[in-house]
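Below: the structure, in structure tokens.
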Amino acid sequence: MIFQDSLNKIPIKYHLMVLFSLLFSAVLAIAGFIIFSLVQKTIEENIANELTVSTKAIQTTIKTSVDVTIRNHLHAISEKNREILQSLNQKVKTGEITLEEAKKSGEEILLSQTIGQSGYIYAINCDGILAVHPNKEMENRDMSFHWLAQRQKEMKEGYIEYNWKNPGEMEERPKA
Numbered sequence: 638m639i640f641q642d643s644l645n646k647i648p649i650k651y652h653l654m655v656l657f658s659l660l661f662s663a664v665l666a667i668a669g670f671i672i673f674s675l676v677q678k679t680i681e682e683n684i685a686n687e688l689t690v691s692t693k694a695i696q697t698t699i700k701t702s703v704d705v706t707i708r709n710h711l712h713a714i715s716e717k718n719r720e721i722l723q724s725l726n727q728k729v730k731t732g733e734i735t736l737e738e739a740k741k742s743g744e745e746i747l748l749s750q751t752i753g754q755s756g757y758i759y760a761i762n763c764d765g766i767l768a769v770h771p772n773k774e775m776e777n778r779d780m781s782f783h784w785l786a787q788r789q790k791e792m793k794e795g796y797i798e799y800n801w802k803n804p805g806e807m808e809e810r811p812k813a
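Quick note on the working numbering: the sequence shown kicks off at 638 and runs consecutively.
Encoded structure:
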């Protein structure tokens, strides 16, 4: 009773101020919770989107780096092989070795090299004839009808990426 008597002595304006303050605090808390939930969801979505974009950019960068590395590696191999074959050709011209010895030596050098786990080097002449191939049955075959041989004849030098299925394989694989 004493508490109620003291409460009744407080002017109504203070009662209303406390009531409005409590009501304002409740509305503010509810609004804050709703805004926090919406902002949190938006931030999480933005983070997920930025991670996706960043991941794709990293994948693209890595793929480009790998492609350039492969291209440079193959270019270095081909340049070194060109030097070796030119050296053999020079030895034929000076009479140090015969043409047949040079061809045999060049073929052994080219066929001794592997590219990756299953890649190999082959040589095709300007008429589209396979001069060197790891599968001896393929050597001296006329490939001039095939699009790849035609493309190589046109380019003479350069880099080509294509899909190829070796005999006995079920699916094509990327080649360069």
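Cβ atoms here follow ideal geometry from the backbone N, Cα and C, with glycine treated the same way.
Being a predicted model, the structure only gives us computed values, none of them experimental.
query                                                                                                                                                                                       : result
Classify V705 as buried or exposed, calling it buried when 16 or more other Cβ atoms lie within 10 Å of its own Cβ.                                                                         : exposed
Beta-carbon of A685 versus every beta-carbon of chain D: anything under 7 Å?                                                                                                                : Looking for chain D here will not work: only one protein chain is present.
From which residue to which residue does the alpha helix (DSSP H) around R788 run?                                                                                                          : 784-792
Quick check on the DSSP output: what are the complete beta strand (DSSP E) runs of length 3 or more inside the segment 653-701, in order along the chain?                                   : none
Counting along the chain, where does the beta strand (DSSP E) carrying K812 start and finish?                                                                                               : 810-812
Pull up the CB-CB distance for L725 and A739, whole angstroms please, since I reckon it's below 8 Å.                                                                                        : 4 Å
For N800, report the span of its beta strand (DSSP E) as first-last.                                                                                                                        : 799-801
According to DSSP, is Y759 helix, strand or coil?                                                                                                                                           : coil
Identify every residue that forms a DSSP beta bridge with L767.                                                                                                                             : I761
Please go through the same chain and pick out, in chain order, the residues whose beta-carbon is closer than 8 Å to the beta-carbon of E808, but skip the five residues on each side of it. : K802
Judging by CA-CA distance, which residue of L785, A760, I707 is the nearest neighbour of N777?                                                                                              : A760
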